[in-house]
Amino acid sequence: MSEANSPALAQIHYWIREDYFGTALRKMDEFGDREVGREGECHWKTLRAFCIVRLGRSSEAMRLLNIMLRDESMAEYKLSTLHSLRIAHCSEKKIDREALRELDRQIQALWSQQIPERGAFTATTLLLLDRQFERARPLLDKLSSQSNSSFLSLRGWLELLSGKVSQSTLENFDRAIALDKNVEAFLGKAHLFKIRQNIIDMESTLNSLLNANSSVLPAYVELAKASAMNRHWETMAEICQKAALIQSDCLPILLLDFVYSYLILGDIQGEQILAEFVDAMLLTEASNQSQFLRIGSLLASIALDRKNITTQAKRLVDAALGIRQNSQALLLKSSLSLAEGDIRQAFQLALRAVESGSNIENEKGLNNEDNQNGERAVLTMIRCQLAEQQSDKQLKEINQQLEFLQQTHSDVKEQSLFHFLLALLAKRENKPDEQVFSHLNIAVDVHFAYNQYTIFSEENLISLNPSILVEIAELILKSADSVGIPAIRVADRILSIVHQNCPGK
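Read in order, the letters of the sequence shown are residues 1 to 505 in UniProt numbering.
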């Protein structure tokens with residue numbers, strides 16, 4: 001399985017793990033078959049089909065996979081091809097249950113036979129990337145060459161991504177690196193330290209990788225992220241410059257450039273960098289809804305009063321809605337519309353998000369990812385109502401809605417937005433400032449309950465949501481005359497954390 005230790009394949013695996021499926025396809029085109037040779041061609045094609053599926057083109061992937069299935073020269077990869085077809089069928093809007101049963105039958109039949117080593121390795125890699133850990137684990141155990149670097153690295157990644165990290169995880173990566181400086185193992189070891197927030201060892205591992213192979217772009221990306229985690233901004237900027245020499249439009253690097261320019265330096269040039277990033281994102285990652293929503297959420301959380309940031313966020317969210325109108329996309333568009341003052345559109349979008357979640361909940365057999373946003377959709381509708389002038393009767397109805405939501409969804413109290421809405425309602429009802437502040441104080445405690453945001457990352461920025469925190473701080477300061485020092489202390493706590501993560505704002 002020497003082809004599995006190809007630096008090119010390791011980089012493709014990285015982009016897929018990071019959900020940059022368009023980037024992975026582009027890199028496959030750039031590297032070409034020469035990087036993996038004939039032995040790795042089937043592995044390459046399997047990854048290509050997987051990326052195509054994740055970009056919403058399952059029919060195209062099925063055509064490619066059926067050609068592979070009929071090609072006798074690829075017979076030893078039949079298991080991975082069948083698993084790829086199964087993934088493609090499961091991604092269809094209307095699943096062909098009969099075809100799925102036939103694929104399961106063929107997969108089961110292969111299990112009773114001797115599975116070729118290369119085919120088993122590719123199938124395990126595919127299942128790992130698709131996060132089917134329970135299917136991948138027994139297949140990995142079937143591999144006979146369990147002492148080479150490719151196996152050791154794959155074993156380490158399986159333990160890492162499935163959340164079953166042990167002492168053997170690090171040992172597997174170290175052994176793979178010692179054998180032949182396996183790029184996949186270097187990246188896995190760095191990721192393990194990243195999870196543990198051990199930034200020193202993360203940086204050391206990545207620097208060792210670059211000393212062994214200075215052209216591995218993912219190593220620069222992760223090294224830049226490590227510097228950002230430590231808030232070593234100048235070092236991060238230098239790493240981004242080095243990465244740009246390898247690829248000028250690398251999406252994660254462009255995003256870090258924007259974060260540095262806009263959030264850290266407060267430079268207006270950051271908006272131009274963002275526009276270039278979004279252009280590249282829409283081109284390279286076309287149809288990648290998960291990435292559009294992730295970046296859109298990040299931009300919405302840090303936009304504050306900058307309309308140009310909101311505009312770029314809307315470009316990504318509109319692209320996501322063009323792919324599929326799920327509740328997450330509708331809610332994000334609703335929040336952006338509310339930030340722009342379009343209360344009517346914001347309310348209609350939140351209402352559609354509620355309906356979207358309800359429709360999916362009623363469809364048995366489907367994963368109900370949209371329904372996770374159900375509570376937030378209802379809260380967003382209420383927030384839109386509170387943004388408009390309401391009569392006493394309407395305010396009473398809103399109060400009843402919040403009480404009903406609390407009774408039927410006890411975990412809603414774990415959302416800071418719920419307590420923020422209670423504060424807005426109390427303010428509208430002309431309740432004492434002390435009561436308004438009490439709700440806001442709870443909202444802040446809930447918001448910071450699980451993370452004090454000591455480590456800087458894109459995920460933490462989304463969770464931090466500086467935009468909503470600044471709103472809360474402004475409302476708290478309005479009650480400072482009545483509440484006094486406690487209100488000022490809470491507002492100072494909020495703004496200090498926001499400034500720590502967004503010093504340029």
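For glycine and all other residues, C-beta sits at the position ideal for the given N, C-alpha and C.
query                                                                                                                                                       : result
Taking only the alpha-carbon atoms, compute the straight-line gap between I488 and V446 and give it to the nearest angstrom.                                : 18 Å
I'd like to check one pair, A473 with A449: are the Cβ atoms closer than 8 Å?                                                                               : no
By the DSSP assignment, the alpha helix (DSSP H) with A278 in it spans what residues?                                                                       : The amino acid occupying residue 278 in the given sequence is Val; Ala does not appear at that position. Per DSSP, V278 belongs to the alpha helix (DSSP H) from Q269 to T284.
In three-state terms, what does DSSP make of Y260?                                                                                                          : helix
Which of the three DSSP states is assigned to C250 in this structure?                                                                                       : coil
Leaving out five residues on either side along the sequence, give the residues of the same chain with a beta carbon under 8 Å from the beta carbon of L425. : L386, L395, I398, N399 and L402
At which residues does the alpha helix (DSSP H) containing D492 begin and terminate?                                                                        : I485 to N501
Taking all protein chains shown into account, decide if K189 is buried (16 or more other Cβ within 10 angstroms of its Cβ) or exposed.                      : buried
Can you tell me the Cβ-Cβ gap for A136 and L158, rounded? I've got them flagged as a contact below 8 Å.                                                     : 6 Å
Alpha carbon to alpha carbon, what distance is there between Q197 and S287?                                                                                 : 32 Å
Locate the alpha helix (DSSP H) running through V444, then write down its first and last residues.                                                          : D433 to H447
Counting beta carbon pairs with one atom in the segment 41 to 49 and one in the segment 307 to 324, are three or more of them shorter than 8 Å?             : no
Measure how close the beta-carbons of L331 and L461 come, nearest whole angstrom, since I'm counting them as under 8 Å.                                     : At roughly 18 Å, the Cβ-Cβ gap does not stay under 8 Å, so L331 and L461 are not in contact.
Just mark S410 as buried or exposed, buried being the case when its beta carbon has 16 or more other beta carbons within 10 Å.                              : exposed
I'd like to check one pair, S145 with E117: are the Cβ atoms closer than 8 Å?                                                                               : yes
Check this for me: beta carbons of L336 and T310, under 8 Å apart or not?                                                                                   : yes
Distance, Cα to Cα, M236 vs A329?                                                                                                                           : 31 Å
How about L179 and S149: are their beta carbons less than 8 Å apart?                                                                                        : yes
Are the CB atoms of R175 and residue 524 within a distance shorter than 8 Å?                                                                                : The structure shown does not extend to residue 524, since the chain spans only 1 to 505, so no value can be given for it.
Kindly indicate which residue of L9, A8, A24 and P7 has the alpha-carbon position closest to the one of W15.                                                : A24
So, using beta-carbon positions, are I302 and S467 closer together than 8 Å?                                                                                : yes
Looking only at C-alpha atoms, which of S482, N501, A8 and E429 sits nearest to N213?                                                                       : A8
Alpha carbon to alpha carbon, how far is S227 from L293?                                                                                                    : 25 Å
Please confirm whether residue 508 and V444 have their CB atoms less than 8 Å apart.                                                                        : Because the chain spans 1 through 505 in this model, residue 508 falls outside it and cannot be assessed.
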